[in-house]
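Read through the structure below, which is laid out as C-alpha cells, and then see the notes.
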Amino acid sequence: MRRGPSWFNLVSLTLGFAFLYLPIVLLVIWSFNASRLVTVWGGFSTRWYVALLQDSQLLDAAWVTLRIALMSATVATVLGSLAAVALVRGGRFRGRTLFSGMVYAPLVMPEVIMGLSLLLLFVAMRFDRGFWTVMLAHTTFTLSYVAVVVHSRLVTFDKSLEEAAQDLGCTPAQSFLKVTLPNIFPAVLAGWMLALTLSLDDLVIASFTSGPGATTLPMRIYSQVRLGVTPEINAVCTILIAIVATGVIIFSVAQKWSAAGVAKT
Amino acid sequence: MSRPPVSRPVRSEAGRRPNIGAVRSSFAPWNDPDATPLVRFESVTKRFGDHAAVDDVSLDIYPGEFFALLGPSGCGKTTLMRMLAGFETLDAGRITLAGEDLAGAPPHKRPVNMMFQSYALFPHLNVEQNIAFGLKQEGMGKKDIAARVAEMLALVKLDAFAKRKPDQLSGGQKQRVALARAIARKPRMLLLDEPLGALDKKLREETQFELMDLQAELGVTFLIVTHDQEEAMVMADRIAVMREGKIVQIGRPEEVYEAPNSRYVAEFLGDVNLFETTVEAIEHPMAHLDLAEAQAGFYVLDDDCPGPGSTVWLAVRPEKMRISLDPPAADARNVLAGEIWDIGYTGDWTNYIVELPGGKLVRVARANSRRFVDRPIGWDDKVWVSFDPDAGVVLTA
Amino acid sequence: MSRPRSRAAILPGLWLAILFAFPFLLVLRLSLSDTALAIPPYAPQIDWSRGLDGLKAFFAALDFEMYRRLGSDRLYFDAFISSLQFAAMGTVLALLVGYPMAYGMARCRPGTRNILLMLVILPFWTSFLIRVYAWVGILKPQGLLNAFLGLLHIPPVDLLYTPAAVQIGLVYSYLPFMVLPLYAALERLDQTLLEAAADLGSPPWKSFWQVTWPLSIPGVIAGCLLCFIPMVGEFVIPDLLGGPGSLMIGRSIWMEFFANRNWPFASAVAIVLLVTLIAPILLYQRQQAKALEAGR
Numbered sequence: 394m395r396r397g398p399s400w401f402n403l404v405s406l407t408l409g410f411a412f413l414y415l416p417i418v419l420l421v422i423w424s425f426n427a428s429r430l431v432t433v434w435g436g437f438s439t440r441w442y443v444a445l446l447q448d449s450q451l452l453d454a455a456w457v458t459l460r461i462a463l464m465s466a467t468v469a470t471v472l473g474s475l476a477a478v479a480l481v482r483g484g485r486f487r488g489r490t491l492f493s494g495m496v497y498a499p500l501v502m503p504e505v506i507m508g509l510s511l512l513l514l515f516v517a518m519r520f521d522r523g524f525w526t527v528m529l530a531h532t533t534f535t536l537s538y539v540a541v542v543v544h545s546r547l548v549t550f551d552k553s554l555e556e557a558a559q560d561l562g563c564t565p566a567q568s569f570l571k572v573t574l575p576n577i578f579p580a581v582l583a584g585w586m587l588a589l590t591l592s593l594d595d596l597v598i599a600s601f602t603s604g605p606g607a608t609t610l611p612m613r614i615y616s617q618v619r620l621g622v623t624p625e626i627n628a629v630c631t632i633l634i635a636i637v638a639t640g641v642i643i644f645s646v647a648q649k650w651s652a653a654g655v656a657k658t
Numbered sequence: 340m341s342r343p344p345v346s347r348p349v350r351s352e353a354g355r356r357p358n359i360g361a362v363r364s365s366f367a368p369w370n371d372p373d374a375t376p377l378v379r380f381e382s383v384t385k386r387f388g389d390h391a392a393v394d395d396v397s398l399d400i401y402p403g404e405f406f407a408l409l410g411p412s413g414c415g416k417t418t419l420m421r422m423l424a425g426f427e428t429l430d431a432g433r434i435t436l437a438g439e440d441l442a443g444a445p446p447h448k449r450p451v452n453m454m455f456q457s458y459a460l461f462p463h464l465n466v467e468q469n470i471a472f473g474l475k476q477e478g479m480g481k482k483d484i485a486a487r488v489a490e491m492l493a494l495v496k497l498d499a500f501a502k503r504k505p506d507q508l509s510g511g512q513k514q515r516v517a518l519a520r521a522i523a524r525k526p527r528m529l530l531l532d533e534p535l536g537a538l539d540k541k542l543r544e545e546t547q548f549e550l551m552d553l554q555a556e557l558g559v560t561f562l563i564v565t566h567d568q569e570e571a572m573v574m575a576d577r578i579a580v581m582r583e584g585k586i587v588q589i590g591r592p593e594e595v596y597e598a599p600n601s602r603y604v605a606e607f608l609g610d611v612n613l614f615e616t617t618v619e620a621i622e623h624p625m626a627h628l629d630l631a632e633a634q635a636g637f638y639v640l641d642d643d644c645p646g647p648g649s650t651v652w653l654a655v656r657p658e659k660m661r662i663s664l665d666p667p668a669a670d671a672r673n674v675l676a677g678e679i680w681d682i683g684y685t686g687d688w689t690n691y692i693v694e695l696p697g698g699k700l701v702r703v704a705r706a707n708s709r710r711f712v713d714r715p716i717g718w719d720d721k722v723w724v725s726f727d728p729d730a731g732v733v734l735t736a
Numbered sequence: 010m011s012r013p014r015s016r017a018a019i020l021p022g023l024w025l026a027i028l029f030a031f032p033f034l035l036v037l038r039l040s041l042s043d044t045a046l047a048i049p050p051y052a053p054q055i056d057w058s059r060g061l062d063g064l065k066a067f068f069a070a071l072d073f074e075m076y077r078r079l080g081s082d083r084l085y086f087d088a089f090i091s092s093l094q095f096a097a098m099g100t101v102l103a104l105l106v107g108y109p110m111a112y113g114m115a116r117c118r119p120g121t122r123n124i125l126l127m128l129v130i131l132p133f134w135t136s137f138l139i140r141v142y143a144w145v146g147i148l149k150p151q152g153l154l155n156a157f158l159g160l161l162h163i164p165p166v167d168l169l170y171t172p173a174a175v176q177i178g179l180v181y182s183y184l185p186f187m188v189l190p191l192y193a194a195l196e197r198l199d200q201t202l203l204e205a206a207a208d209l210g211s212p213p214w215k216s217f218w219q220v221t222w223p224l225s226i227p228g229v230i231a232g233c234l235l236c237f238i239p240m241v242g243e244f245v246i247p248d249l250l251g252g253p254g255s256l257m258i259g260r261s262i263w264m265e266f267f268a269n270r271n272w273p274f275a276s277a278v279a280i281v282l283l284v285t286l287i288a289p290i291l292l293y294q295r296q297q298a299k300a301l302e303a304g305r
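Printed below as a string of C-alpha cells:
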C-alpha cells in the first residue's frame, strides 16, 4: 500500500520548491526588465543582453572559465574514475585508509581552506599563478565528486561480468575496457558533467589560485556584484540557466532513448 | 448474492465408493448449518483501473479453521487477504469479522495480524523489540510485555536470539520472528502471505508441520495465501482455488484434488490427463464415452455427466493409471495402446510418458514400491495403459 | 578471482598527495611563521645551504605568535562562535524544511519522484553565486519582499545585511544537500514495514516516529553533516548578504588574506577552522564509507 502524498506532503513540497525556485525565476524575469529596479516593471527588453555582448571583459572571463572547466573536468574524470576503481576493486592495499581519506575529504573541506592551501603550494613551488594553477586546483577538488559518482555505480556493478570476460579470454585490462567501462559509462559521464559545473561555478578556490590575466566568470561576476546590482548579471544568469536546462533536457531524453533501445533489444 | 461453487457432494453408494480421499477429518464447521463464520466476504470486488483484481467474491471462514487461498500470481488472492487486513479498500461488497463490518476500520484497529511475505521485520529493532512492537501499541505494561515476549520466543524456539538484529538471522529464523510478532497480540485471525516462499525445500516441509502444530495449539484461525498447491494441501482444512479474481472451487484438499469441478482446477492441482470426448450413452451408473484412441471407448461413473451427444472432458490422474507390457483381454475397457515416449525417474515414483497413435501424450505414474522389477519398461516399448471406471472425473467446464 | 586493481590508486594518489595533503603542511608551517614586510617570503625560511643547522634554525624560529594573537583577539573568537551558531541554526532549519520535502517526494509515484529529484538537483547546476545574489534583490529595502509586504500593508523589514539574511541564504543554498541524502534514505524505506507497523496496531503518526524516523537517521546525519561542515566555512553568503555584524570565519580568512595581506595569520585561522571541523569531517567519512559498503 503506497499511499499517495497527503495534503501536508503537497504543501511542504510546494513551499519547498517555491523557496528553491523563486530567486531563479525572479532573476530570469529581471533580466528582461527594461528597468534597473527589481520592483518596477519597465517593459520587456533585451538591453541587458546587448550590453552583455559588448562587455568584452565578461566574455573573456567566460571563455577562460569554459576552457578551465573543460580541461579540469576531463582530467578529474580520469583521476576520479581511477580512484573509484582502486577503492572498489583494489582490495585491501597498503595505505587504503589514507587514500580514501584523501579522495573524500575535499567533498566537505571548506573552500577557503582548500584555496588557501593550494595557493601556498603554488607560491612555494614558484608557479606563476594564472590559468594553469586554477586548472590544477579545480581538478583537485572536482576529482572527489567524480570518484563518488563512479564509486556508487561500481559497487552495484556485477563483478562476475568482468570475470566472465576474463574467462572468455580477455586480459584484466581488456575486460575493464570492454565490459566494465561501457557499463559504468553513464556514471563517468555524469561525473564529468558534475566536475564541469563545479568548476564553472567556483569562486573561492579560483580567487585564491588565480593570477593576473586569468579572471574567471564567477570572479568577474563577484566583483560586479560587490559594486552593486547590475542587471547584466541577471542576463548572464539567465543564459547559464538556459544552457543548464537544455543540457539536462538533452541528457534525460538521451537517457530515455538509450533505455528504450536497451528495452527493444 | 452469488455463492461460490462448492465441491459436488460425494455420492456414497454402499460398498463401492464410501469416501473421497485418504484422510478422515471430523472438523467440518462449514457443513454445520448452525455454525457462525468468523469472517465473511460478501460479494467483495476490488478494481485496479479497468481490471478487477477481485471479482464478486463471497467466502466464509470459520473459527479455528486453517484456510488456504490458492492460485497463480495475479489471481487476486493477495489482494483479497490485504482487504481483510485493511491495506486495500473495497470497491463493492463488505467484509465482516465476528459479525462486525470492517469498513472504515484502519489496519491498526483490526483484530487480525499478518505475517508478510518479506517478513517486514523492523531492521532497527532487535528480535525482542520486534516481537514487543505490537504489544507496546496496545499500551501493555512493561512486565506483561516482557513476559509475553519471553513466551513467544520460547514458542518459536528463538530464546537465544532475543538481542539479535534481523540482518543477523537466517531465513528460517526471520520467518519465526515474523510469526512470533504476528501472534504476540493474540489476533482473532492470523494472515500469512506466502509464509514459506523464501525458505528452501527441506525447511519448508518442516515449517509446514510446525505451523500446523502451532495452529492447533493456539486455536487461532489461519488464512494463508500461497501459489504452492502442495503447501496448501498439506496444511489447510479447506482450500479456495482462485482464478482471475474469482473463486472457482472451495473444498477440503482431497475434494479439490479428487473431485475438481473444472479442467482449470484439475490442472492447477497436480498432474492430470485430459481427454476430450463425446458422451455416447448413459447406462446408469455408468457413462459410455467415445474416444478414437480407445477401441472400446471409456466406461466411467456418470456423476454430473450430461446427456448423449455432449462434449465432455475426462480427467484421469497419472497415479490412477496402470501401465503394462502385456496386452489386456480383448474386451477390456478403458484401455489405451501406445509407445513409451519418455521416462522420468524420481526415486519414489517413475513417470512414463506414453505416445498414443494419434500423437497425444499420456502421463502414467507408478509408485516404486519394489526395489526389483521383473520386466522394466524401456524407451520405445509398446505398452498398454488402463484405469478403473471410478478413476476418472467427467468435466464439463 | 581477478587481480585487485590497486595500481589504479597510484595516479590519483600521487595527485592528491601533492595537491591536497602536502599543501596542508605548508599552511601549518606558515601559520607558525611571522609576518615579514614583503609578502612573500616569510620568516623563517629554511636555509638549505647550512644543511641540518639550517633546518634546526628553521624549527627553532617557528612560534605560536599567530595563535597567541588569535586567542587574544576577541573578534576572531566571536567569529568562530558565530560561524558555528550560523551553521548549527542553518542546519536545523534546513532539516525542518528539507525533511517534509524529502518525505513528500518519497511518497510520490516513481515517475513524479524522478522529476522532483531532478528539480532538487537543478539549482545546484546553476551558479551558486548568482542564486545568492538573487536574494539581494529580494531582501534589499526597496526589494521584492518589501514591495510584497507593502501590498499587504505590513511595515517593511530591513533584512539585507543582517544575520537573518545570512541565515536565509545558508538554508536556501544548502537545502538540496539536506534533501538528497534524506530522500535517498526515505525512498529506500520498505513500505511493507509501515504496513507491518499498522498491522501491529500502530496509527500512522506513531508509525512515523517508530519506524520511518529511526530508519531515516543515517540520512539525517549525512544531510546535517553535509550542510553543517561547509556552512561553517562559508564565504560568499555572509559576504553578499551579511552586514558587518554577521561575522563568519570563512570571510575572516578571506579578509586577512586579500585585504590585510597577513598570510600567516590567515593560515592560523584556517588551521583552527580545520581542527574545529575535523571531528564532523571524520564522522561524515565514516558514515559515507558505511553507506557505500551497504550499497554493495
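Chains as they are written, first to last, in the numbering used here: chain A, 394 to 658; chain B, 340 to 736; chain C, 10 to 305.
Idealized CB from N, CA, C, for every residue including glycine.
As the structure is a computational prediction, the values presented were derived from the model and not from experiment.
Grab me the residues of residue 110 (chain C)'s own chain with a C-beta within less than 7 Å of its C-beta, minus the 5 sequence neighbours each way, in chain order. 188
Against residue 211 (chain C), what residues of chain A qualify as contacts under a CB-to-CB distance less than 8 Å, listed in chain order? Under the 8 Å cutoff, chain A gives no residues; its nearest Cβ is about 14 Å from residue 211 (chain C).
Assign residue 732 (chain B) to one of two classes, buried (16 or more other C-beta atoms within 10 Å of its C-beta) or exposed (fewer than that). buried
For residue 251 (chain C) versus residue 175 (chain C), is the C-beta spacing smaller than 8 Å? yes
To which residues of the same chain is residue 499 (chain A) closer than 8 Å at the C-beta, ignoring the five residues directly before and after it? 507, 533, 534, 536 and 537
Please confirm whether residue 101 (chain C) has its beta-carbon closer than 8 Å to some beta-carbon of chain A. no
I'd like to confirm the pairing. Which residues does DSSP put opposite residue 723 (chain B) in its beta bridges? B:663 and B:676
Residue 564 (chain A) to residue 571 (chain A) span [Cα, whole Å]: 10 Å
Nearest to residue 559 (chain B) by alpha carbon, out of B:518, B:595 and B:589? B:518
Any idea if residue 47 (chain C) is buried or exposed, counting beta-carbon neighbours within 10 angstroms, 16 or more meaning buried? Because the pLDDT of residue 47 (chain C) is 42, which lies under 50, any placement of that residue in the model is unreliable, and the question is left without a value.
Secondary structure at residue 618 (chain B), three-state DSSP: helix, strand or coil? strand
Name the chain C residues whose beta carbon is nearer than 7 Å to that of residue 477 (chain B)? 210
Distance, residue 501 (chain B) Cα to residue 462 (chain B) Cα: 14 Å
Rounded C-beta distance between residue 246 (chain C) and residue 501 (chain A)? I'm assuming under 8 Å. Not quite, the Cβ-Cβ distance comes to about 17 Å (not below 8 Å), so this is no contact.
Report the option in C:290, C:278 and C:17 whose CA atom is closest to the CA atom of residue 42 (chain C). C:278
Can you pull the chain A neighbours of residue 117 (chain C), defined as C-beta to C-beta under 7 Å? 398
Does any residue of chain C have a CB that is nearer than 8 Å to the CB of residue 409 (chain A)? yes
Looking at chain C, which residues of the stretch 482–502 of chain A have a Cβ within less than 9 Å of any of its Cβ atoms? 482, 483, 484, 485, 486, 487, 488, 489, 491, 492, 493, 494, 495, 496, 497, 498, 499, 500, 501 and 502
Of the listed residues C:80, C:221 and C:205, nearest to residue 198 (chain C) (C-alpha basis): C:221
Could you please give the first and the last residue of the uninterrupted beta strand (DSSP E) stretch that includes residue 626 (chain B)? 625–629
Since residue 774 (chain B) and residue 582 (chain B) are thought to touch, with beta carbons under 8 Å apart, how far apart are those beta carbons, to the nearest angstrom? Since the displayed chain B opens at 340 and closes at 736, residue 774 (chain B) lies outside it and no answer follows.
Identify whether residue 634 (chain B) lies in helix, strand or coil by the three-state DSSP scheme. coil
When you measure from the CB of residue 596 (chain B) to every non-hydrogen atom of the ligand NAP, does any distance come out below 7 Å? The ligand content of the structure shown is nil, which means the ligand NAP is not present either.
Which of the three DSSP states, helix, strand or coil, is assigned to residue 417 (chain A)? helix
Beta carbons nearer than 8 Å to chain C: which residues of the stretch 411–432 of chain A have them? 412, 413, 414, 415, 416, 417, 419, 420, 423, 430, 431 and 432
Assuming residue 172 (chain C) and residue 254 (chain C) are in contact, meaning their beta carbons sit under 8 Å apart, how far apart are those beta carbons, in whole angstroms? 6 Å
CB contact below 8 Å: residue 187 (chain C) versus chain A: no
Whose Cβ in chain A lies nearer than 8 Å to the Cβ of residue 275 (chain C)? 509
Alpha carbon of residue 728 (chain B) to alpha carbon of residue 642 (chain B), nearest angstrom: 12 Å
Residue range of the alpha helix (DSSP H) that includes residue 475 (chain B): 466–476
Answer yes or no: do residue 679 (chain B) and residue 719 (chain B) have a C-beta to C-beta separation smaller than 8 Å? yes
Proximity to residue 477 (chain B) [Cα-Cα], best of C:192, C:206, C:119 and C:126: C:206
Buried or exposed, going by whether 16 or more other CB atoms sit within 10 Å of the CB of residue 491 (chain A)? exposed
Quick check: is the beta carbon of residue 204 (chain C) nearer than 8 Å to any beta carbon in chain B? yes
Establish whether the CB of residue 478 (chain A) and some CB of chain C are separated by less than 8 Å. yes
How do the stretch 419–438 of chain A and the stretch 619–633 of chain A stand: do at least 3 beta-carbon pairs fall below 8 Å, yes or no? yes
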